[in-house]
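Chemist: Using the numbering used here, the first residue of the sequence shown is number 1, and each one after it goes up by one. The structure follows.
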Amino acid sequence: MRKKSDESKLILALQALKNDPELSIRAAAATYTVDFSTLARRRRGQSSRRDIIPNSRKLTDLEESTIIQYVLDLDSRSFPPRLRDVEDMANKLLADRDAPPVGKRWASNFVKRQPELKTRRFRRYDYKRAKCEDPEVIRGWFRLVRNIITKYGIVESDIYNFDETGFMMGIISTGMVVTSAERRSNAKLAQPGNREWTTVIQGINSQGWWLPPFIIVAGQYHLQGSDPLHCKSTWTTYKWPISITSTCRRSDYLVIHYTWT
C-alpha cells in the first residue's frame, strides 16, 4: 500500500507543477511529502520503475495481454495450447518488429507470472464426447431412459451400462519421457509395425457387478490356444470372451451372444 500511496502523491505533485509554472519542484515535494530527487526525475520525463519493461521481458503489456486472451480462447474451445505453442505466439509477435526470439524458459516463466494461466497435464478427449457436453442434451437422454424404464417396468438389477472402445495395436501414445540433457529435438520412440484394430466391450450392472470384457479381433479362424491370453475355446484363462470378425467390428449377434453367455 505504501508504494501505491507514494505513486499517487507523485502524480498529484506532477499535476500541481503542471498547473502552476511558478511552483518549484522542492516546494511541490515538501507539500505532497514525496522524495525531491524522484519528483525531479519524473518531472524530466523519466518513467517509474513499475512502468519500465525489464530486460527479461521481451513483450509489451499489450502483446502479453494478446497472448493471454488467445490462450484463454483456445482453452474455452477445448484446444489448450502447449508451452511451445505459447512460445511460437510470442516469437511471431517479436518477428513483426524484428526483435530476437524469446529464450528457452520464457514460456514457462510467462505462465507463472500470469494469474490467469496455469500449466496442467492434458488428456485426450474424444471430439464427439465434447460435442455432447450440452446440459440439455444430457437431461433429454436421461428423460428418455426414465420413460423407457417406466414403460416396460424394468427393474434396477436388469439395467446395464455398456461401453465400447477400439484401439490400434502397437500405437504408442504421447507422453513425457526422460532423455539426454544435450538433446536438441523431441524424443522419438520406435513405432511397432503392427496396425491391427481391436475392439473391447465392457458391461457393468447398476448393482455394482460387471461382465467380463468382450474382446473382438480381426480374423477369419479362431485357433484354440493360439492367442496370447491362452484361451480355451472362446474364453481366456481370465474368463474373457474372445471373438473374431473380418472387420474387427461388433455385430448385434456378437453382442447378444456376449450378454447371454
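For glycine and all other residues, C-beta sits at the position ideal for the given N, C-alpha and C. Everything numeric in this text was worked out from a predicted model, so none of it was measured.
Let me know if Lys58 comes out buried or exposed under the rule of 16 or more other beta-carbons within 10 Å of its beta-carbon.
Modeler: Its Cβ being crowded by 16 or more others within 10 Å, Lys58 is buried.
Chemist: Taking all protein chains shown into account, do 16 or more other C-beta atoms lie within 10 angstroms of the C-beta of Trp210, making it buried, or fewer, making it exposed?
Modeler: Label assigned to Trp210: exposed.
Chemist: Please classify Glu164: does DSSP put it in a helix, a strand, or coil?
Modeler: Glu164 falls in the strand class under three-state DSSP.
Chemist: Return helix, strand or coil for Ile154, following the three-state DSSP convention.
Modeler: Reduced to three states, the DSSP call for Ile154 is coil.
Chemist: Gln207 and Ser157 look like a contact to me (Cβ under 8 angstroms); what is the Cβ gap, rounded to whole Å?
Modeler: Rounded, the Cβ-Cβ distance is 6 angstroms, consistent with contact.
Chemist: Could you check whether Glu133 and Leu72 sit closer than 8 angstroms to each other, using their CB atoms as the reference points?
Modeler: In this structure, Glu133 does not lie closer than 8 angstroms to Leu72 by Cβ.
Chemist: Can you give the Cα-Cα distance for Thr234 and Ser76, rounded to whole angstroms?
Modeler: At Thr234, the pLDDT of 47 sits below 50, so the modelled position is not reliable and the matter cannot be decided from this model.
Chemist: Measuring straight from C-alpha to C-alpha, what distance separates Thr60 and Pro212?
Modeler: Roughly 59 angstroms between the two C-alpha positions.
Chemist: Quick check on the burial criterion: 16 or more other C-beta atoms within 10 angstroms. Buried or exposed for Glu22?
Modeler: Burial call: exposed.
Chemist: Buried or exposed: where does Ala107 fall if 16 or more other Cβ atoms within 10 Å of its Cβ makes it buried?
Modeler: Counting Cβ neighbours within 10 Å, Ala107 comes out buried, since at least 16 surround it.
Chemist: Who are the Cβ neighbours of Arg43 in its own chain at under 8 angstroms, not counting the five residues just before and after it?
Modeler: If we look at Arg43 and ignore the five residues flanking it on each side, its Cβ neighbours are Leu14, Leu17, Ile25.
Chemist: Which class does Ala218 belong to by DSSP, given the choice of helix, strand or coil?
Modeler: It is a strand residue.
Chemist: Please go through the same chain and pick out, in chain order, the residues whose beta-carbon is closer than 6 angstroms to the beta-carbon of Ala29, but skip the five residues on each side of it.
Modeler: Once the five neighbours on either side are set aside, the close Cβ partners of Ala29 are Phe36, Leu39.
Chemist: Are the CB atoms of Leu62 and Tyr32 nearer to each other than 8 angstroms?
Modeler: Not closer than 8 angstroms, so no.
Chemist: State the Cα-Cα distance for the pair Tyr152 and Ile159, rounded to the nearest angstrom.
Modeler: If you take the alpha carbons of Tyr152 and Ile159, they lie about 12 angstroms apart.
Chemist: Closer than 6 angstroms by C-beta to Ile34: which residues in its own chain qualify, once you throw out the five before and the five after it? Chain order, please.
Modeler: Strictly speaking, residue 34 in this sequence is Val, with Ile absent from that position. Excluding sequence neighbours, Val34 sits near Lys9, Leu10, Ala13.
Chemist: For Phe162, count neighbouring Cβ atoms within 10 angstroms of its own Cβ and tell me buried if that reaches 16, exposed if not.
Modeler: Burial call: exposed.
Chemist: Once DSSP output is grouped into helix, strand and coil, what is the label at Thr38?
Modeler: Three-state result, Thr38: helix.
Chemist: With respect to the alpha helix (DSSP H) encompassing Ile25, which residues constitute its N-terminal and C-terminal limits?
Modeler: Counting along the chain, the alpha helix (DSSP H) containing Ile25 begins and ends at 25-31.
Chemist: Between Asp88, Phe110, Val111, which has its C-alpha nearest Pro101's C-alpha?
Modeler: Comparing Cα positions, the closest option is Asp88.
Chemist: Beta-carbon separation of Thr165 and Val200 under 8 angstroms?
Modeler: In this structure, Val200 lies closer than 8 angstroms to Thr165 by Cβ.
Chemist: So, are the CB atoms of Ile215 and Trp240 less than 8 angstroms apart?
Modeler: For Ile215 and Trp240, yes; Cβs fall inside 8 angstroms.
Chemist: Ile67 by DSSP, collapsed to three states: which one?
Modeler: Ile67 falls in the helix class under three-state DSSP.
Chemist: From Val155 to Thr245, what distance separates their C-alpha atoms?
Modeler: Going by the C-alpha atoms only, they are around 34 angstroms apart.
Chemist: Taking Cβ positions, are Val86 and Phe110 nearer each other than 8 angstroms?
Modeler: A contact, by the Cβ cut-off of 8 angstroms.
Chemist: Give me the Cα-Cα distance between Leu83 and Arg105, rounded to the nearest whole angstrom.
Modeler: Distance between the alpha carbons of Leu83 and Arg105: 10 angstroms.
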